[in-house]
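Heads up: the sequence lines are chains Z and S, in that order.
Per this note's numbering, the first sequence runs over residues 294 to 513.
Per this note's numbering, the second sequence runs over residues 338 to 563.
C-beta: ideal position from N, C-alpha, C; glycine also.
Bear in mind that the values here come from a model prediction, so they are computed numbers and not experimental data.
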Amino acid sequence: MLLNSQSIQGHYGSSTLKSDAVKPMNEESTTHTRTGQWEDALSYVAVNQDKAAYAELFAYFAPRLKAFGMKMFGNEQQALEMVQDTMLNVWRKARLFDPTRGCASTWIFTIARNVRFDMLRKKQSRKDDISADDLWYDGNYPEQEDSGSHQWDTLLMAEKVAPHFERLPEAQRQVMTKVYLEEKSHQEVSDELAIPLGTVKSRIRLALDRLREALDDTRS
Amino acid sequence: MTHAVKHHPGIPLLEQYVEGTLEADVALAVAAHIDLCPHCQQLCQDLAVEQGTQLQLMKPVDTQDSEPDWQTMIDSITAEPPLANPPRQHKGPITVQFKDKTFQVPRALARLVEQQTKWTQLGSIANNKLPAGDKRHVSLLYIDKDTAIPQHTHRGLEITLILSGAIVDEQGQYGVGDILINTPDDTHTPRTLPDQDCLCLSVLSAPLKFNKGITRLLNPLQHFFY
Numbered sequence: 294m295l296l297n298s299q300s301i302q303g304h305y306g307s308s309t310l311k312s313d314a315v316k317p318m319n320e321e322s323t324t325h326t327r328t329g330q331w332e333d334a335l336s337y338v339a340v341n342q343d344k345a346a347y348a349e350l351f352a353y354f355a356p357r358l359k360a361f362g363m364k365m366f367g368n369e370q371q372a373l374e375m376v377q378d379t380m381l382n383v384w385r386k387a388r389l390f391d392p393t394r395g396c397a398s399t400w401i402f403t404i405a406r407n408v409r410f411d412m413l414r415k416k417q418s419r420k421d422d423i424s425a426d427d428l429w430y431d432g433n434y435p436e437q438e439d440s441g442s443h444q445w446d447t448l449l450m451a452e453k454v455a456p457h458f459e460r461l462p463e464a465q466r467q468v469m470t471k472v473y474l475e476e477k478s479h480q481e482v483s484d485e486l487a488i489p490l491g492t493v494k495s496r497i498r499l500a501l502d503r504l505r506e507a508l509d510d511t512r513s
Numbered sequence: 338m339t340h341a342v343k344h345h346p347g348i349p350l351l352e353q354y355v356e357g358t359l360e361a362d363v364a365l366a367v368a369a370h371i372d373l374c375p376h377c378q379q380l381c382q383d384l385a386v387e388q389g390t391q392l393q394l395m396k397p398v399d400t401q402d403s404e405p406d407w408q409t410m411i412d413s414i415t416a417e418p419p420l421a422n423p424p425r426q427h428k429g430p431i432t433v434q435f436k437d438k439t440f441q442v443p444r445a446l447a448r449l450v451e452q453q454t455k456w457t458q459l460g461s462i463a464n465n466k467l468p469a470g471d472k473r474h475v476s477l478l479y480i481d482k483d484t485a486i487p488q489h490t491h492r493g494l495e496i497t498l499i500l501s502g503a504i505v506d507e508q509g510q511y512g513v514g515d516i517l518i519n520t521p522d523d524t525h526t527p528r529t530l531p532d533q534d535c536l537c538l539s540v541l542s543a544p545l546k547f548n549k550g551i552t553r554l555l556n557p558l559q560h561f562f563y
């Protein structure tokens, strides 16, 4: 990560935590988030332990992590334990985040998932058993060459794809419709749906994989 | 390693693996497969991006009044020092020994093979139970060349991941990185090649539960890719 700590100084003004930075959490959910906002904030935390940047990240993600934890645990105490542990990892490990490899939200999700997994194992007193570190590689696999979705364009024209297309998960079908039927650019779709560009690309790859699988099924 | 992985876990399995809701012992076999399979590495990265996006779009459940004391949480977290030295990943190949042979195993198994016990040999097959999973049903299996693999009867799934060598059955050949998932109804008879021994990871799991979508366990992508 080529971050010049000089240029970062001052972006958030002083690094002291303004107490009002965390107040308007509920309003926060309705405001539009800028592309790259959370990735930048993580970089400030990584380089300067910038508390103001951290407070912004916290204000956005902590309530959402809590909602996620409530869904997974169905229990507020455990949900909050997961939030605390996840957000502590975000603070302490910020410099392990590599913005060239993905979104902040992906990184934070994987931390929360691992925290939750280890919490559940610990509860079952399986401390020496399989841990999140065994299951999920905390690093980057060598980058893959993009196999290119263009080679599937003709496949998508085939009539037999249509029924499978309808059965794609809603989020994937929506992106595929905009890209392949309305011929919008990935960036346009990202802007329209207010989702990161990386998510658009991921949904396309996932949808193509599902279509391949479905077509393979019809063959046999 | 020139063998291209051809037999992958199906998308429902990968989804549960990425969510963290898959049974741990099955997830271990999936994780070891992913270490060996660039295609599934990309798929899982995409699935994680989707999960992250869902998290980002999630609606907070609290009202202003019911909100926890976030400020206290922030203060206690930011009082902690950042991680001084990020833990380094396992460097170099991870290996296991059986008699005079050395085999390389995937990263996911690194910690567990360090704690491996000893090999139990029965004829042409040797078993090394790893300290993981329910009822210690996760093991390394060494199978000598030209050997038929005995069928277990089991109410769950039997997952086999090839780590070295190959296995053949009526459907074809499985090489390094390929994953075989047998249900209790499967009646095929896998065996090793006439001239090559085989090391695999074997997981006997409890029956899996799927709460959504198709329950397809294997992804037969090979017809399209190769």
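Simplified DSSP state of residue i, which is helix, strand or coil
i, result
"S:Tyr-479", "strand"
"S:Pro-557", "Residue confidence is low: S:Pro-557 scores 43 on pLDDT, short of 50, so the model does not pin down where it sits. No coordinate-derived value is stated."
"Z:Asn-368", "coil"
"S:Arg-528", "strand"
"S:Asn-519", "strand"
"S:Asp-402", "coil"
"Z:Asn-407", "helix"
"Z:Leu-508", "helix"
"S:Ala-503", "coil"
"Z:Val-472", "helix"
"Z:Met-318", "Bear in mind that the predicted position of Z:Met-318 carries a pLDDT of just 45, short of 50, making it too unreliable to give a figure here."
Min CB distance residue i to chain Z below 8 Å
i, result
"S:Val-398", "yes"
"S:Pro-349", "no"
"S:Trp-407", "yes"
"S:Gln-441", "no"
"S:Thr-520", "no"
"S:Thr-390", "yes"
"S:Gln-453", "no"
"S:Gln-379", "yes"
"S:Gln-393", "yes"
N- and C-terminal bounds of the beta strand (DSSP E) containing residue i
i, result
"S:Val-513", "Run containing S:Val-513: none; DSSP gives neither H nor E here."
"S:Ser-542", "Careful: S:Ser-542 lies outside any beta strand (DSSP E) and carries neither H nor E."
"Z:Asn-341", "From DSSP, Z:Asn-341 is part of no beta strand (DSSP E) but of the alpha helix (DSSP H) over 330-341."
"S:Leu-459", "457-459"
"S:Val-433", "431-435"
"S:Ala-463", "462-466"
Residue burial classification, residue i (beta-carbon count within 10 angstroms, cutoff 16)
i, result
"Z:Ala-425", "buried"
"S:Ala-406", "Looking at the sequence shown, residue 406 of chain S is not Ala but Asp. S:Asp-406 should be labelled exposed."
"Z:Gln-370", "exposed"
"S:His-370", "buried"
"S:Gln-401", "exposed"
"Z:Glu-320", "With a pLDDT of 42 at Z:Glu-320, under the threshold of 50, the modelled position of that residue is not reliable, and the figure given next carries that caveat. Exposed, because fewer than 16 other Cβ atoms sit within 10 Å of the Cβ of Z:Glu-320."
"Z:Gln-480", "exposed"
"S:Gln-434", "exposed"
"S:Ala-353", "Checking the sequence, you will find Gln at residue 353 of chain S rather than Ala. Burial call: buried."
"Z:Thr-399", "buried"
Any non-hydrogen atom of the ligand MN within 7 Å of residue i CB
i, result
"S:Ala-445", "The model on display carries no ligand, and the ligand MN is accordingly not part of it."
Interface flag, residue i vs chain S, CB-CB below 8 Å
i, result
"Z:Met-380", "yes"
"Z:Asp-391", "no"
"Z:Pro-456", "no"
"Z:Lys-359", "yes"
"Z:Glu-475", "no"
"Z:Gln-480", "no"
"Z:Phe-351", "yes"
Candidates the options, of which the one nearest residue i by Cα
i, options, result
"Z:Leu-490", "S:Gln-452, S:Gly-389, S:Val-513, S:Thr-457", "S:Gly-389"
"Z:Asp-427", "S:Ala-385, S:Gln-401, S:Pro-531, S:Ala-361", "S:Ala-361"
"S:Gln-382", "Z:Pro-435, Z:Pro-356, Z:Lys-386", "Z:Pro-435"
"Z:Phe-410", "Z:Ala-507, Z:Leu-381, Z:Phe-366, Z:Asp-509", "Z:Phe-366"
"S:Ser-539", "S:Cys-374, S:Ser-476, S:Val-505, S:Met-410", "S:Ser-476"
"Z:Gly-329", "Z:Thr-393, Z:Asp-422, Z:Lys-415, Z:Arg-357", "Z:Thr-393"
"S:Gln-533", "S:Ser-501, S:Asn-519, S:Asn-422", "S:Ser-501"
Boundaries of the alpha helix (DSSP H) in which residue i is found, first to last residue
i, result
"S:Val-367", "361-373"
"S:Gln-441", "From DSSP, S:Gln-441 is part of no alpha helix (DSSP H) but of the beta strand (DSSP E) over 438-442."
"Z:Asp-426", "425-428"
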